[in-house]
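A quick write-up on the structure given underneath.
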Amino acid sequence: MEQSRYAHYVSTVLFQKRNRRMKVLNHHRDLELYGMGRSAAVFKLKNENRVIKIFYSPFEETAKEEKQNYEKLNGNDYYPVIYEAGKNYLVMDFIEGKTFFECLAEGIPLEPYYMEEVDRGLQYAEKAGLNPSDIHLHNLILTKKGNVHIIDVARFSQEKKCTQWNDLKWAYTRYYQHAYFPKKIPRWVMYTVSKLYRLYRYIYN
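Numbering (the numbering used here), first residue to last: 1 to 205.
Structural data, given as structure tokens:
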């Protein structure tokens with residue numbers, strides 16, 4: 001069976017773990033490193049409006065779960081479309097914009113309408129038989145046109161009820177919407193709050 005162009009790109013990527021962090025040692029010249037997360041790295045394809053999400057070993061099962069979840073979402077406008085999938089990679093739409101985290105760091109206001117749009121996207125996922133989980137500021141994207149998109153849906157297939165999005169909405173209403181609350185928040189502050197929140201959930205859940 002002939003190897004696809006995307007599979008060839010994936011075969012050129014070399015990762016190495018250093019000090020508990022994954023590093024990219026090599027990749028094809030047609031790929032641009034766009035971001036790295038806990039289980040995968042995302043590369044933008046040059047001259048193409050698509051990305052390749054490549055999962056580190058041993059996260060191949062996560063790649064499989066995310067593929068299945070995207071297929072259930074069936075190309076809904078709130079989510080990227082999947083074009084190809086392999087054992088450890090997904091090829092999907094490139095969503096150009098800023099994450100909610102970047103918006104807060106740069107002082108770009110998060111309007112109530114954006115939160116409502118996230119709710120609509122998550123409600124669609126629920127109707128598709130999924131369980132939206134692990135919703136955080138890094139996987140919510142706001143485009144230049146003001147559209148909201150949701151990415152990283154691997155954990156949408158877990159059974160445990162996740163309250164993370166409801167907790168974020170509570171903080172948004174309780175603090176962010178008040179006139180005196182700063183609309184530009186330093187990254188270190190958000191990272192600190194995130195760590196404390198995870199510690200709280202670990203202790204009390």
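Ideal Cβ positions, reconstructed from N, Cα and C, are used throughout, including at glycine.
Proximity to residue i [Cα-Cα], best of the options
{"i": "ILE95", "options": "GLU84, GLY35, PRO80", "result": "PRO80"}
{"i": "TYR197", "options": "THR173, GLN177, GLN164", "result": "GLN164"}
{"i": "GLU106", "options": "TYR202, ARG187, GLY146, TYR9", "result": "ARG187"}
{"i": "MET92", "options": "ILE185, ASN49, TYR180", "result": "ASN49"}
{"i": "VAL51", "options": "ARG38, TYR34, SER39", "result": "TYR34"}
{"i": "TYR56", "options": "MET36, LEU130, ASN19", "result": "MET36"}
{"i": "LEU122", "options": "TYR202, ASN19, ILE135", "result": "ILE135"}
{"i": "LYS144", "options": "PRO109, TYR176, ARG29, ILE82", "result": "PRO109"}
{"i": "HIS27", "options": "ASN19, ASN47, ILE54, LYS195", "result": "ILE54"}
{"i": "THR173", "options": "GLN3, MET115, LYS195", "result": "MET115"}
{"i": "GLY146", "options": "THR12, GLU111, HIS8, ARG29", "result": "GLU111"}
{"i": "HIS8", "options": "ARG29, ASN166, ARG21", "result": "ARG29"}
{"i": "PRO58", "options": "ARG38, THR12, TYR176", "result": "ARG38"}
{"i": "ARG210", "options": "ASP167, TYR176, ALA128", "result": "Since the first and last residues shown for the chain are 1 and 205, residue 210 lies out of range."}
Supposed contact pair residue j and residue i - C-beta distance, whole angstroms, cut 8 Å
{"i": "ASN139", "j": "ASP119", "result": "Rounded, the Cβ-Cβ distance is 15 Å, inconsistent with contact."}
{"i": "GLN68", "j": "SER157", "result": "7 Å"}
{"i": "GLU60", "j": "ASN88", "result": "5 Å"}
{"i": "VAL223", "j": "GLY86", "result": "Residue 223 lies beyond the range of the chain shown here (1 to 205); nothing can be said about it."}
{"i": "TYR78", "j": "TYR124", "result": "6 Å"}
Beta-carbon spacing of residue i, residue j below 8 Å
{"i": "ALA63", "j": "LEU90", "result": "yes"}
{"i": "GLU66", "j": "ALA154", "result": "yes"}
{"i": "TYR191", "j": "GLU84", "result": "no"}
{"i": "LEU45", "j": "LYS98", "result": "no"}
{"i": "LEU73", "j": "PHE100", "result": "no"}
{"i": "LEU104", "j": "ILE185", "result": "yes"}
{"i": "VAL148", "j": "GLU126", "result": "no"}
{"i": "ASN131", "j": "GLU159", "result": "yes"}
{"i": "CYS162", "j": "SER194", "result": "no"}
Cross-strand partners of residue i (DSSP beta bridge)
{"i": "ARG18", "result": "ARG21"}
{"i": "ILE54", "result": "ALA41, TYR89"}
{"i": "HIS149", "result": "ILE141"}
{"i": "GLU32", "result": "LYS44"}
{"i": "GLU84", "result": "VAL91"}
{"i": "ASN26", "result": "LEU14"}
{"i": "THR99", "result": "ILE141"}
is_contact[residue i, chain B] using C-beta, thresh 8 Å
{"i": "LEU199", "result": "No chain B is present in this structure, which holds just one protein chain."}
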